[in-house]
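Peer 1: Just so we're aligned, residue 44 is where the sequence shown starts under the numbering used here, counting upward by one. Glycine included, C-beta positions come from ideal geometry on N, C-alpha and C.
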Amino acid sequence: MPTLFRFVVVTAILAGIAYGTMFALVMFVEPKKGEMSVRIPPEKLNPKKS
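#1: Compute the Euclidean distance between the alpha carbons of P45 and I60, then round it to the nearest angstrom.
#2: What would DSSP say about P45, mapped onto helix, strand or coil?
#3: Straight-line CA distance for S80 to G63?
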């Protein structure tokens with residue numbers, strides 16, 4: 044049983060670290076906002092059927 048308890052504790056600690064990392068990313072990282080445009084050639088829009 045101690046091995047199972049140790050596994051659960053280690054898994055909980057790793058999950059807490061992952062959750063803390065995601066929370067820190069949400070709070071401290073601001074995404075860059077900007078417009079993006081991609082030109083699509085007319086051949087791709089209306090391909091001719093052979």
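Peer 2: Taking the coordinates as given:
#1: Here residue 45 refers to the residue found at position 2 of the sequence shown. Here residue 60 refers to the residue found at position 17 of the sequence shown. Roughly 23 Å between the two C-alpha positions.
#2: Reading the sequence shown from its first residue, position 2 is the one you call residue 45. DSSP places P45 in helix when its eight states are reduced to three.
#3: The sequence position of residue 80 within the sequence shown is 37, counting from 1. The sequence position of residue 63 within the sequence shown is 20, counting from 1. Taken atom to atom, the span from the alpha-carbon of S80 to that of G63 is near 35 Å.
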